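Novice: Residues 1 to 300 in UniProt numbering are what the sequence shown lists, from first letter to last.
Quick reminder that beta carbons are idealized off the backbone N, C-alpha and C, glycines included.
Just so we're clear, the structure is a prediction, and the values are computed from it rather than from any experiment.
A single structure is presented below for examination.
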Amino acid sequence: MATDNNVDLTFYPAFCFKASPTHFTWVKMSAADVHRLRRLKEFVGQNIFFYNNHPIRFVSLVGLIVARTEITRRTILTLDDSSGATIDIAVLQQTQPNPKPNSNNSSISTRNTNQTTSDQADLEPEPTPWSNFSITSKPHPSQNPNPQQTHMTATENDPINITSLQPGTTIRIKGTLSLFRSSMQINLERFTLVPDTNAEMAFLDERLRFLIEVLSVPWVLSDAEVEGYRVDAEMGDVRALEERRRIERRGVKRREREERDARVIAKRYEREEREREREGAVCREDGVRVMRRFGWGDDK
């Protein structure tokens, strides 16, 4: 077990995490608290971070989207929850290849596109000078650089539609934690739109209660509890080893059975071949006797 000498915190091994109130849940946090999370060298590469000595993998935040940036293979949403800091929400992109145009119809399509564009320019009114700077304005479909661009979740790679996630939208997000250039970042797993201020304040109340009652209180386990979880982990390893050996034995028995069946089939085939050869010889001899009886086989 690792200890923090500054605040006398004990960091328990990973086999104790199943007793943690934060490890297997969506922890309601603020952006400022997310940036206060730290990572221990014992858990590098596992995307497990700690608030005090509480292990955290999954977080949930509510805030206002203040920026949306499209980069290679990522869409970055900047979330402001009025906690004194902003946090970047990374969403994976799954880009589909654009269909190749037919060479025979390329000139016709180009002329039709140019004509449609000119017609739209004549019909659409000119934008107001402030519309391009409004945080609530949404891009015109013709301004989308890749209309076939889709997004997916970070863990399961399930498709997710973030078209509604534009600057000025208040959302609740759930995601996993990661570091990018020494800064905390959240990988989007799911989201919901916050309907009104009451829902936002209800989340803030739950977040504050969890911070006071759980996160601010060090996680403490007795030596007996740690030893019990250690025994459970060792027993789990033993059971996993026994299960692996059982699977291996089952595989060996299956291969032996298949080989035995193959030998039986081969012997049966050889026996049937000998039977067919013997029957063929008998048929040939009978044929010769019949031909001799009728004189068909005698030379003249």
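1. Whole angstroms is fine: what's the gap from Glu234's alpha carbon to Arg245's?
2. Would you list the one or two residues that DSSP bridges to Pro55?
3. Buried or exposed: which applies to Val288, given that a residue is buried once 16 or more other Cβ atoms fall within 10 Å of its Cβ?
4. Quick one: using the 10 Å Cβ neighbour count with 16 as the cut-off for buried, is Gly63 buried or exposed?
5. What is the residue span of the alpha helix (DSSP H) that Leu79 lies within?
6. Starting from the C-beta of Gln94, find all residues in its chain whose C-beta is less than 6 Å away, skip the five residues before and the five after it, and write them out in chain order.
7. Taking the alpha-carbon positions, what's the Ile186 to Asp88 distance?
8. Determine whether the beta carbon atoms of Glu189 and Gly175 lie at a separation below 9 Å.
9. Would the beta-carbon of Glu213 be found less than 8 Å away from any heavy atom of the ligand MG?
10. Got a sec? Which residues, its chain only, sit under 7 Å from Pro167 by beta carbon, not counting five neighbours each side?
11. In the DSSP assignment, the alpha helix (DSSP H) including Val34 goes from what residue to what residue?
12. Straight-line CA distance for Glu70 to Ser222?
Specialist: Walking through what the data contain:
1. Position 234 of the sequence shown, counted from the start, is the residue given in the question as residue 234. Position 245 of the sequence shown, counted from the start, is the residue given in the question as residue 245. Each residue's alpha carbon lies about 16 Å from the other.
2. Residue 55 sits at position 55 when you count from the first residue of the sequence shown. Phe50.
3. As a position in the sequence shown, residue 288 is number 288, starting the count at 1. Burial call: exposed.
4. Taking the sequence shown and counting its residues from 1, one reaches residue 63 at position 63. It is buried - the Cβ of Gly63 has at least 16 other Cβ atoms within 10 Å.
5. Within the sequence shown, residue 79 is the residue found at index 79, counting from 1. No alpha helix (DSSP H) contains Leu79, which is instead part of the beta strand (DSSP E) from 74 to 80.
6. In the sequence shown, the residue the question calls residue 94 occupies position 94. The answer, listed in chain order, is Thr150, Met152.
7. Translated into the one-based positions of the sequence shown, residue 186 becomes position 186. Translated into the one-based positions of the sequence shown, residue 88 becomes position 88. Ile186 and Asp88: Cα-Cα distance of roughly 6 Å.
8. Numbered from 1 along the sequence shown, position 189 holds the residue referred to as residue 189. Numbered from 1 along the sequence shown, position 175 holds the residue referred to as residue 175. Against a cut-off of 9 Å, the Cβ pair of Gly175 and Glu189 comes out as a contact.
9. With respect to small molecules bound, the structure shown includes none, and the ligand MG cannot be examined in it.
10. Against the sequence shown, residue 167 aligns to sequence position 167. Correct list, in chain order: Ile65, Val66, Ala67, Arg68, Ile135.
11. Position 34 of the sequence shown, counting from 1, holds the residue named residue 34. Per DSSP, Val34 belongs to the alpha helix (DSSP H) from 31 to 35.
12. As a working note, residue 70 is residue 70 in the sequence shown. As a working note, residue 222 is residue 222 in the sequence shown. For Glu70 and Ser222, the distance between alpha carbons rounds to 49 Å.
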